[in-house]
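5 is the number of the first residue of the sequence shown in the numbering used here; add one for each residue after it. Glycine included, C-beta positions come from ideal geometry on N, C-alpha and C. Predicted model, so just to flag it, every value in this text is computed and none were measured.
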Amino acid sequence: MGRIIAIANQKGGVGKTTTAINLSATLAEAGQRVLAVDFDPQGNETSGLGLEKENLEQTVYELLIGECKLSDCIVKEVQPNLDLLPSNVNLAGAEIELLEMDDKEKILRGFLRKIKKNYDFIIIDCPPSLSLLTVNALVAADTVLVPLQCEYYALEGLNQMMKTIQLVKKGLNSKLEIEGVVFTMYDSRTNLSNEVVQSVRENLNENIYNTMIHRNVRLAEAPSYGMPITLYDTRSAGAEDYRMLAAEVIKRGEEL
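This is the structure in structure tokens:
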């Protein structure tokens, strides 16, 4: 039975989609069967994995509103061991349409439960906001991985995210747990990065991954070429960071 991990942070620009893309890719590279779910209307994970999001006729939006079957909108093998449930700007309209549905917070969970056994990991890229889409992702997930940028306002955003997780756990998904926090855009040369890391370690009781995702030019370039970092520059520091994170995620699952 696979693990469903939501990649979430209500603050934008923290490396959330970069983490969703590259964790999915490195897990697949390690031999895990992975489904990446792009649940962000920006569709950046979809384009970052090489698809032309504007040209897609069957996406997670059509799935949610009942216009296609789950098997029709999953794109198989965008790389070996990695399937994708794509998204585009149409997903923004789902917010309104979901409001009229019964159990509107549990729509995504219903679909993913049907295919959970087919994958080792289902990785959901959430929108950078607290929306009905984000709540759907958290209700569907087993755990939440929170990317945290090494900057001054990081703790504020993290506290908001933790409160949201607790609210969802209390009312909608009692089994939801914190997968862990991963530091992104880390620069060991700056005092700020080190201060943020130290502060979080002192104030957070949840799991914090040992792997840190360093600032890396190749990592920033890869999405514009429609590739995860493992394909764009397999020997880069960014690729190695995400391989180390994938190894930690796999090991953590074995310990649960």
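Assigned exposure category for residue i - 16 Cβ within 10 Å defines buried
i, result
"Lys57", "buried"
"Glu183", "buried"
"Ser135", "buried"
"Ser28", "buried"
"Pro232", "buried"
"Gly114", "exposed"
"Asp76", "exposed"
"Arg247", "buried"
"Thr194", "exposed"
"Glu33", "buried"
"Pro84", "exposed"
"Met26", "It is worth fixing the name first, because residue 26 is Asn in this sequence and not Met. Counting Cβ neighbours within 10 Å, Asn26 comes out buried, since at least 16 surround it."
"Tyr65", "buried"
"Ser133", "exposed"
"Ser197", "buried"
"Val18", "buried"
"Leu46", "Per the sequence presented here, residue 46 reads as Gln, with Leu not at that position. It counts as buried."
"Val93", "exposed"
Cβ pair residue i, residue j closer than 7 angstroms
i, j, result
"Ala226", "Ile8", "no"
"Asn264", "Pro151", "Absent from the structure is residue 264, since the part of the chain shown begins at 5 and ends at 260."
"Ile126", "Gly6", "yes"
"Val82", "Leu102", "no"
"Tyr190", "Met216", "yes"
"Ala141", "Ala10", "yes"
"Gly161", "Lys15", "yes"
"Gln30", "Ala250", "The displayed chain sequence assigns Thr, not Gln, to residue 30. In contact: Thr30 and Ala250 (Cβ atoms closer than 7 angstroms)."
"Asp237", "His218", "no"
"Thr147", "Glu181", "yes"
"Thr234", "Ala243", "yes"
For residue j and residue i, believed in contact at Cβ under 8 angstroms, the rounded distance
i, j, result
"Thr50", "Leu88", "7 angstroms"
"Ser91", "Asp44", "6 angstroms"
"Val185", "Tyr156", "Rounded, the Cβ-Cβ distance is 17 angstroms, inconsistent with contact."
"Glu109", "Leu159", "Rounded, the Cβ-Cβ distance is 28 angstroms, inconsistent with contact."
"Cys154", "Val221", "With 8 angstroms as the limit, Cys154 and Val221 do not qualify as a contact, their Cβ atoms being about 17 angstroms apart."
"Ile69", "Ala98", "7 angstroms"
"Thr188", "Thr23", "7 angstroms"
"Leu67", "Leu74", "6 angstroms"
Residue i Cβ short of 6 angstroms to the ligand ADP heavy atom set
i, result
"Lys20", "No copy of the ligand ADP occurs in the structure displayed, which carries no ligand at all."
- prompt: In the stretch 23-95, which residue ranges form an unbroken beta strand (DSSP E) of at least 3 residues, counting only runs that do not cross its ends?
  reply: 38-42, 79-83 and 86-89
message: Quick check: the stretch 115-128 against the stretch 30-45, are at least 3 beta-carbon pairs closer than 8 angstroms?
response: yes
message: Pairs of beta-carbons, one from the stretch 200-214 and one from the stretch 168-179, closer than 8 angstroms: are there three or more?
response: no
- prompt: Whole beta strand (DSSP E) runs in the stretch 163-245 with 3 or more residues, listed along the chain?
  reply: 181-190 and 212-218
- prompt: Which runs of the alpha helix (DSSP H) spanning at least 4 residues fall entirely within the stretch 85-153, listed in chain order?
  reply: 98-102, 111-119 and 136-144
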